[in-house]
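Here our numbering = 1-based position in the sequence shown + 365.
Virtual Cβ for every residue (Gly too), placed ideally from N, Cα, C.
These numbers were taken from a predicted model, which means no experiment stands behind them.
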Amino acid sequence: MANSSAVWEAEAFEVPPELETVSIVVLRGREVLLARRTPERGGFWQILTGRREPGEPAHAAAARELYEETGFAPTLDEVRNLGYVHSFALDPAVVRREGPPRFAHETAFAVRVPESSEVRLDPGEHDAHEWVEIDEALRRLPFAGLRRAVQLANSLRAP
Numbered sequence: 366m367a368n369s370s371a372v373w374e375a376e377a378f379e380v381p382p383e384l385e386t387v388s389i390v391v392l393r394g395r396e397v398l399l400a401r402r403t404p405e406r407g408g409f410w411q412i413l414t415g416r417r418e419p420g421e422p423a424h425a426a427a428a429r430e431l432y433e434e435t436g437f438a439p440t441l442d443e444v445r446n447l448g449y450v451h452s453f454a455l456d457p458a459v460v461r462r463e464g465p466p467r468f469a470h471e472t473a474f475a476v477r478v479p480e481s482s483e484v485r486l487d488p489g490e491h492d493a494h495e496w497v498e499i500d501e502a503l504r505r506l507p508f509a510g511l512r513r514a515v516q517l518a519n520s521l522r523a524p
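What follows is the structure in structure tokens.
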């Protein structure tokens, strides 16, 4: 059996995340917007996600990514921080580095849009979108962090 005290007594250190990212749950009534990533970007369904620019606050990044990926332009007050932050290991193919795993640190947000909202996808990132019920979104989303963001957004009361 390994000596666990060696682990517990080892010097602690923090590893900064490789990427700072945001996820945005877009709600329309009881539906969630899912966007399918292009085949080159994995081809899976997701809520909106994106990288923060250096020094950019997470809240501002969420609003910017929402506009870039859908054409929706909410005010910062309309973009709600869900109080959920998680980290995940990056695919080595994405970071193209040898060595230890690299991590992203993601902050989740939600925004409600009017029923009449029309999505304008960025074709470089997504090739399809669908408005789906919450349960269907939870079935399609491949990552636990994205599913948790949808669950938290669903618990928000409509304004």
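Using three-state DSSP, classify residue i as helix, strand or coil.
{"i": "Gly407", "result": "coil"}
{"i": "Arg505", "result": "helix"}
{"i": "Leu441", "result": "helix"}
{"i": "Gly448", "result": "strand"}
Would you mind reading off the limits of the alpha helix (DSSP H) that contains residue i?
{"i": "Val515", "result": "509–519"}
For the putative contact between residue i and residue j, defined by C-beta atoms under 8 Å, what is the C-beta separation to the nearest angstrom?
{"i": "Val397", "j": "Val515", "result": "6 Å"}
{"i": "Thr414", "j": "Thr435", "result": "That pair is no contact at about 12 Å."}
{"i": "Glu471", "j": "Gly510", "result": "6 Å"}
{"i": "Leu455", "j": "Leu521", "result": "Not really, about 29 Å apart at Cβ, beyond 8 Å."}
{"i": "Asp492", "j": "Arg401", "result": "6 Å"}
Which two residues bound the contiguous beta strand (DSSP E) that contains residue i?
{"i": "Arg393", "result": "384–393"}
{"i": "Asp492", "result": "491–498"}
{"i": "Arg429", "result": "Looking at the DSSP string, Arg429 is not in any beta strand (DSSP E); the run it does join, the alpha helix (DSSP H), is 423–435."}
{"i": "Ala400", "result": "396–402"}
{"i": "Glu471", "result": "468–477"}
With a cut-off of 7 Å, does the C-beta of residue i fall near any C-beta of chain B?
{"i": "Pro479", "result": "The chain labelled as chain B is not found in the depicted structure, where only one protein chain is given."}
Considering only their Cβ atoms, is the gap separating residue j from residue i smaller than 7 Å?
{"i": "Ala428", "j": "Val450", "result": "no"}
{"i": "Leu399", "j": "Trp410", "result": "yes"}
{"i": "Phe437", "j": "Ser452", "result": "no"}
{"i": "His494", "j": "Leu486", "result": "yes"}
{"i": "Leu447", "j": "Ile389", "result": "no"}
Identify every residue that forms a DSSP beta bridge with residue i.
{"i": "Gly415", "result": "Val387"}
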